[in-house]
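Everything in the sequence shown is counted per UniProt numbering, starting at 1 for the first residue and increasing by one. For glycine and all other residues, C-beta sits at the position ideal for the given N, C-alpha and C. Values in this document were obtained by computation on a predicted structure and should not be read as measured data.
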Amino acid sequence: MDMGGMDMDMGTGSCKVSMLWNWDTIDACFLAKSWHITSRGMFAGSCIGVICLVLILEFLRRVGREYDAFIVKRARLRAKFLSPSASTTGNGIGGVGAGGKSSPSSSNSNSSSALHQQQQSQSQNQDTKTTATPITTQPQTQTQTLGNENGSGIIRPTLIEQLIRALLHMLQFAVAYFIMLLAMYFNGYIIICIFIGAFLGAFIFSWEPLGLAENENDATAVTGCCG
Numbered sequence: 001m002d003m004g005g006m007d008m009d010m011g012t013g014s015c016k017v018s019m020l021w022n023w024d025t026i027d028a029c030f031l032a033k034s035w036h037i038t039s040r041g042m043f044a045g046s047c048i049g050v051i052c053l054v055l056i057l058e059f060l061r062r063v064g065r066e067y068d069a070f071i072v073k074r075a076r077l078r079a080k081f082l083s084p085s086a087s088t089t090g091n092g093i094g095g096v097g098a099g100g101k102s103s104p105s106s107s108n109s110n111s112s113s114a115l116h117q118q119q120q121s122q123s124q125n126q127d128t129k130t131t132a133t134p135i136t137t138q139p140q141t142q143t144q145t146l147g148n149e150n151g152s153g154i155i156r157p158t159l160i161e162q163l164i165r166a167l168l169h170m171l172q173f174a175v176a177y178f179i180m181l182l183a184m185y186f187n188g189y190i191i192i193c194i195f196i197g198a199f200l201g202a203f204i205f206s207w208e209p210l211g212l213a214e215n216e217n218d219a220t221a222v223t224g225c226c227g
């Protein structure tokens, strides 16, 4: 044992395993006897492999987030197209048609005098205002209903979806555990490679929208409410 480390005979050379901070390159070992560094080129390849391992971890995290977003999006589409508000919209339009058919009969019956025609025109204007009201208010009611169902509804994944989510979590856990074991060798080069991989992984796989649309909707609602 030398300075908190120990040398193990590998047959062709010593394998250095240190439990203190070190900068060993040649004859360093990681995880298994077969991972024995015998040249600088092999150590450089090991550093690149560590960086790629951290990139894989960040990739799996991104896949997990994208799959959760896919589940939410599909549930919202189902709630949108299967909601009963479509039938309500149809009834509102039907009521307008019925009101439109009642006005010609009244105009024909009161066409005998000019006074009755004026009264009829006034009644038609009132009917038009009353029948136009459902057309303008109905889409707003439908949007609010869909917004409530999509925004505040609780989405529970199906059995297959939960199995896929659990599989992704298991892969993330396994890769992160191997990275932790590599860091426990306290090799300065390996730890620096872990940090580089974390930076590159976050830069590549965390470059995604940050919910600006929701913030714009909130700002529009506050402006419409108060101004």
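Within its own chain, the residues whose Cβ lies closer than 6 Å to the Cβ of Trp-23, once the five positions on either side in sequence are excluded, are Gly-188, listed in chain order. According to the DSSP secondary-structure assignment, His-36 is paired through a beta bridge with Cys-29. Here the C-alpha atom of Trp-21 lies approximately 37 Å from the C-alpha atom of Glu-208.
Using a Cβ distance threshold of 8 Å, Gly-49 and Gln-172 do not count as a contacting pair. For the options Leu-31, Ala-183 and His-36, the alpha carbon positioned closest to that of Thr-25 is the one of His-36. Take the alpha-carbon of Phe-195 and the one of Ala-166: they are about 27 Å apart.
Here Gly-197 is not near Ala-79, since their CB atoms are 8 Å or more apart. Around the CB of Gly-211, fewer than 16 other CB atoms lie within 10 Å, so the residue is classed as exposed.
Per DSSP, the continuous alpha helix (DSSP H) segment holding Arg-165 begins and ends at 159-183. Boundaries of the alpha helix (DSSP H) harbouring Phe-205: 188-205, taken from the DSSP string. In the three-state DSSP reduction, Arg-156 falls in the coil class, being neither helix nor strand. The DSSP-derived three-state label of Ser-83 is coil. Between the beta-carbon of Gly-201 and that of Leu-55 there is about 5 Å, and that keeps the pair under the 8 Å contact cut. Straight-line spacing of the CA atoms in Thr-38 and Gln-162 works out to 45 Å. Separation of Thr-158 and Cys-52 (C-alpha to C-alpha, rounded to the nearest whole angstrom) is 33 Å. Nearest to Ile-204 by alpha-carbon distance, out of Leu-57, Leu-182, Ile-160 and Met-19, is Leu-57. Shown here, Gly-211 sits in coil according to DSSP, grouped into three states, outside any helix or strand.
Around the beta-carbon of Arg-74, fewer than 16 other beta-carbon atoms lie within 10 Å, marking it exposed.
The three-state secondary structure of Asp-24, taken from DSSP, is coil. Cα atoms of Phe-81 and Ile-160: separation of roughly 23 Å, rounded to the nearest angstrom.
If you ignore the 5 residues before and after Leu-168, its C-beta comes within less than 8 Å of the C-beta of Leu-60, Val-63, Gly-64 and Tyr-67, all in its own chain and listed in chain order.
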